[in-house]
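Our numbering puts the last residue of the sequence shown at 1735; the count rises by one with no breaks.
No residue lacks a Cβ here, since even glycine has one placed at the ideal position from N, Cα and C.
One structure is given here, and the rest of the page talks about it.
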Amino acid sequence: MTAVAVVAALAGSPGLAQAQQLSQARSLSTTDDNRLPPGWRIDGEHGARELVWRAPKSVPMGDARVEFRAGDRLLGVPKPAKDGRTFRLALDEAGSTALTDLQVTAAGRRLDAAADQPRESDAPGVPLPAQAPANGVDPGKPGSYRTVSGSYDLAPVRLPGFATPVEMRAQVVAPKGATGSRPLALFLHGRHATCYKPGSEDDVTIDWPCADGYKPIPSDKGYLRDQKLLASQGYVTVSISANGINAQDWQPEDAGAQARSSLVRQHLARWADWTAHRSTAPAVVRQAPKADLSRVLLVGHSRGGEGVNRAAMDSLYPPPAAEDGYRGPVRWKVRGTVLVGPTIFGQNPVADVPSVTLLPGCDGDVSDLQGEDFVDGTRGVSRGTALHSAVYVVGANHNYFNSEWTPGTAEAPAQDDFGTDPEQTDPVCTPGAPTRLTAAQQHKAGSTYIAAAARLFLAGDDRVRPLLDGSGRRAPSADPARVLTHAVGGRRIGGFLPDAGAKVTGARRCSAIDPNPAVACLDPETPGSSPHFAWWETEKETGRSAVDLKWSAPGTAARVTPAKPVSLHGSQKLALRVFVPPNTTGTKFDVSVTDSADRRVTLGRATVAGLPGSARTASYWAQELRVPLTAATRAGLDLRHVKSLELTPRSRSGRAWLMDAWGWAPGTPAVKAAALPRVDVGRTIVKEGDSGTRTYRIPVRISGHGSGQVRVYVLEPDSGRARSRLVTVRPGSHAIDVPVEVKGDTVYGEDVQHDIAVKAVRGTVVGKHRGGLTVENDDPEPVITLSPVADRVTEGETLTWRLSIDAPSVVDIWQPVRVLPVTEGTEMSTKDVDPQWLKDWSGDVPDPERRLSDANLWVWLNIPPGSTSVDFITPTVQDQVAEPTESMRIALTDRNAEPLPDRPALTGTVLDRP
C-alpha cells in the first residue's frame, strides 16, 4: 500500500495548480522504488482512470502521432488537451502491467526528454552527396499556359464519427485558354493548427469552427506555387481545406485517414458533377478547362499523404459503408499519388496505384520518415508493375513544402519544425548549415518533383522517369537541392529479398522491429534511425527483414539464396537497394550472381557513400546501386534461373545493409489494378456483466474479390505483446476469427481492450488495420472515505489517516489529498515534520520555516488491487522549544486540487512534549 506525493503549485487558481503539478505517482503495479517520472501522473474521476503527461511547454501541433510507450511497448495514443501541453490516455488502453520506462514519442522522436547533443563525429564537415548528372527533361520549368485562379466554398459535409461538419472549401488554379479535357491534380494538406488570432505571434488553436476573434489558417493555400507550375503545364489543380478534420482527428482510431479519404472523394464527386453539368460549377471551375477525371493525381502532405493513399484505395476497393463519408459511384481514376513527408500509421499502401514519396532529410515532425513504407510495404503484395518511388531530399524539413506553414510567407504564425535552438545545433539541419535548404529552395524542389510525378503518371512521359526511379539523374530546376531516389515496381523483376524463406550466409539476417538488439537491424542505442525500420503497432514484427553486413577486412562474401531461383531474363541491370552509416565514404562491393548450374559471374563493383546524418535524422536510407548484367550474358549464365546473389566487400572495413535487389529495365509499364480482397477491422463495445462467461468475436470485414494473405497480430491486453499468424482471406469469410472470452463479475475494474492489428502480405489490401473488442466495466466505483487513525499525538509521534474503500477493486484506486491551511489555532510548520518526509512528498525543504500548507503538499494515495485501505502518515519531530498546540488540516480533492465539496476536511493535532 502506497502513498504518493505530487509536487504542486497550490497558490493561485486551481487551474494553475493543476497545470503546474509534477507527479511522483506510482505505476499501476506499484512499488516504493518505482515512481513515475516528473511530468507524469495517474488521474481520473468518476471511475475513468487516465495516464497523464504534461509537457513543460506547448507541443506544436503536427502530423506525427503522439504516443505513450513503456520501453518498446506501445501503450496507446493519448488525447491532447486544448492547452497544447497535456495528454491523457485511458488506462484501459494501456493495459495492466507496470508502467516502467515511460516515454512520449512522435515518429520515434522523444518529446519528454531533451534532444541529444551532437556527437563530435557529427560536428563540422558533413559531406553533401555528389551532384547527379542533369536529366534530359526538366519538369520544373514552367509551361506555356497562363493561369486562372480562384476558390469555391460549398456547404459543409458530415463525416462518420465527427460531431462537427467539415468544410468543402478549395483553391483552384488552372491553365487559361487550354483546349480539351485536362488531367486533374488534387492537393490535400496535413495536420496543422486550424485557427489563429491576427496580430499574435503564437496564438493558434485546434478549434473548429474558429472562435470569435480568430481566423481559419488557410493551409489549403500553401501549395499555390505547385499548382501554378502544374497549371502552366496544362493541368487543372485544386487544393482542398481539411481544418474540420484536423480539429477532430484525435477521436477516430485511424487518426482521420478514412475521413480524409471521404473528403477527397466528396470533392472528386463534385468535379465529376461539374464536368457533366458545367453550368452548375462555381465560377472559377467554369473558367477552367474541363477536368479529365480518367486522369487524376492525388497529392497529400503529411497526414494528407495517408489520406490520399486511403482515397486511392477506397476508389478501387470500397470501404465499409458505415464508416465512409462518401457512398456514391466512383467516376474517376486515380493514376498516381504524391506523398510529401507522409504518415502511414496503418502501414497499408495501395500496391497497384503508382506513387512518389518525398522524404525530407530534416523532417522534425514525421521524423522517422515512416512514409518509406509506401515503397517497402508494396513488395510482393500484388502484380508489382506499379512504380513506387522514394525521393530523399537532403536538408528539407517538414513544414516548408507548404508556404502557409513557413515563417515569412504564412498568414498565420509558423515555425521551422526541425527547431532552431542555438544551444542544440545540428550539423546537418540547423538553418545555415551547408546541407540545410532554405524555405524557397525546398519549395522549389518539391514543386519540381510533384511535376515530375504528374508528367509520368498523367502524361505518360517516360523521359522523366530517371528522376524518380533510382537512375541517378537530377532536375536542374530543383538545384541546389541534393535529391536521391530509389524505387520498386515498374519493370523490376525477380526480387532477392531476405524474407520468404531466403537463406543468408556470410552476414546476418536482421529484423526491422525487434526488442532484442542481437536480432534488430539497428541497435536502439544507434544515433539516428532508418526510415526502413519505422515502428508500427507491435514491439516485434515478422516479415520485415534486411541483410546486415559487417566486416573488418575485405573479401568475405555475403550470400542471399532465395527459396527458389529467380528470373532476371529481359533485365539490363541488377538494381540493389543498400545503405551504409551516415557520413561514411568509400564503401565498395563486388556484386556476383550464380545460376542453377552453379555458374558464378561477377557483374561489377558498386560504391556507396552515406547520407548526411546526425543523431536527430533518419539517414540510414537505402540508395539504389546498379550493375550491368552484360557479364552474365557474355558468360552464358542462365538468367531465367539465378539461385543466389553475393556481395563481397572490397573496402578495408565497414558496415552495410541490403534491403533487396531486382532485375531492372527502362520503361514504365501500364498498370492495371488487381481485383483483391479488402480487410477492415472494426470495434465492438460490450459490458462485462455481473456473472457468467460469454464469448465474443472481434469484428472483421473481408470484402472485394479473390483471395490473399494477411498477417494478424493479436495484442495481449496485459502486456501489449503480440502473437502473429498468417491467414488466408476470402470475401465474406470469417478467416480472421479471434474469440474473446468475457467473464462477468461485481468487482470494480478498468475497461479492457482486446485488439488485433492486420497487415497485407500477398494479394490483399488493408483499410482499417486495427480494432478489437472493448469490455466496459459496469460496476460502480468504490466509495472512498478518509478517516483518522491517530489524529492527536505528541510531537515526535506520527499523525495517521486512513483512506478506505467500501469494496475491493481489481485495479489501483488513486485519490489525491491536499494539505490545507488550518482554520483555527496555530498551524504546523515545515520544521515540525521529518525533513526527509517533506522532501519526499513535496520536493521542498524546511527552510525558510513557513506554514505546512505553503509547502506544496498534494498527495495522491493509492489503494492497490485487492486491498481496501492505505494509510497516510505524517511523522512529526520533537524539538526543545516550548510551543502551543499545533495542527494540520487535510482534505480529499478533485484533479484540480480543489477540496471535494461533500467531504469534510480533517484536522490532526500535535501537542508539545512536557
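- P1287 carries a helical assignment under DSSP once its states are collapsed to helix, strand and coil.
- Fully contained in the region 881-935 are the following beta strand (DSSP E) runs of length 3 or more, in chain order: 887-891, 894-897, 907-911 and 923-927.
- Secondary structure note for D1135: it is in no beta strand (DSSP E), and the uninterrupted alpha helix (DSSP H) holding it is R1124 to L1137.
- In the DSSP assignment, no residue is bridged to Y1056.
- According to the DSSP assignment, R1091 belongs to the alpha helix (DSSP H) that extends over A1078 to A1097.
- Going by DSSP, K1409 is part of the beta strand (DSSP E) stretching over T1408 to D1416.
- Bridge partners of V1640 according to DSSP: I1711.
- Take the alpha-carbon of F1195 and the one of P1175: they are about 10 Å apart.
- Counting only residues of its own chain and dropping the five nearest sequence neighbours on each side, E871 has a CB closer than 8 Å to the CB of I863, D864, G865, R909, L910, A911 and L912.
- Around the beta carbon of A1341, 16 or more other beta carbons sit within 10 angstroms, so the residue counts as buried.
- Taking S1224 as the centre and dropping the five residues before and after it, the same chain places the C-beta of G1043 and T1230 closer than 6 Å to its C-beta, in chain order.
- Excluding its 5 nearest sequence neighbours in each direction, S1366 has C-beta neighbours in its own chain below 7 Å: P1319, D1320, R1330, C1331, S1332 and A1333, listed in chain order.
- Rounded to the nearest angstrom, the Cβ distance from T1423 to S1435 is 36 Å, too far for a contact under 8 Å.
- Annotation for R1455: the continuous alpha helix (DSSP H) segment containing it runs T1451 to R1455.
- Residue state for L1045 is assigned as helix, using DSSP reduced to three classes.
- For F983, there is no enclosing alpha helix (DSSP H), as DSSP marks it with neither H nor E.
- In chain order, V1535 place their CB closer than 6 Å to the CB of R1544, counting only its own chain and leaving out the 5 sequence neighbours on each side.
- Of the residues D1653, F1222 and K1385, the one whose Cα lies closest to the Cα of L1466 is K1385.
- Taking all protein chains in view, the Cβ of D1047 is crowded by 16 or more other Cβ atoms within 10 Å, so the residue is classified as buried.
- Between A1273 and L1258, the gap from beta carbon to beta carbon reaches 7 Å or more.
- Q1530 and P1552 have their alpha carbons spaced roughly 12 Å apart.
- Listed as beta-bridge partners of P1030 by DSSP are no residues whatsoever.
- Residues L980, D1145, G1146 and Y1147 of the same chain have their beta carbon placed closer than 7 Å to that of S1083, with the five preceding and five following residues left out of the count.
- Taken through DSSP and simplified to helix, strand or coil, I1314 comes out as strand.
- For D1675, the secondary structure class from DSSP, reduced to helix, strand or coil, is helix.
- In this structure, the straight-line span from the alpha carbon of A1132 to that of K1036 is close to 29 Å.
- If you look at V1196, you'll find it in the alpha helix (DSSP H) that goes D1194 to D1197.
- Inclusion of A1068 and G1149 in the CB contact set at 7 Å is not warranted, their separation being larger than that value.
- In this structure the region 1451-1466 touches the region 1369-1386; the number of beta carbon pairs closer than 8 Å is three or more.
- Here D1075 carries a coil assignment [DSSP, helix/strand/coil].
- Counting along the chain, P1656 sits inside the alpha helix (DSSP H) bounded by residues P1656 to S1663.
- Closest by C-alpha distance to A1302, out of D933, A1078 and L949, is L949.
- Look at T1377 here: in three-state DSSP terms it is coil, with no helix or strand label.
- Judged by pairs of C-beta atoms under 8 Å, the region 1639-1649 touches the region 1709-1719, as three or more such pairs exist.
- Relative to R1447, the option among R1476, S1392 and R1420 whose CA is nearest is S1392.
- In the structure shown, the three-state DSSP call for I1066 is helix.
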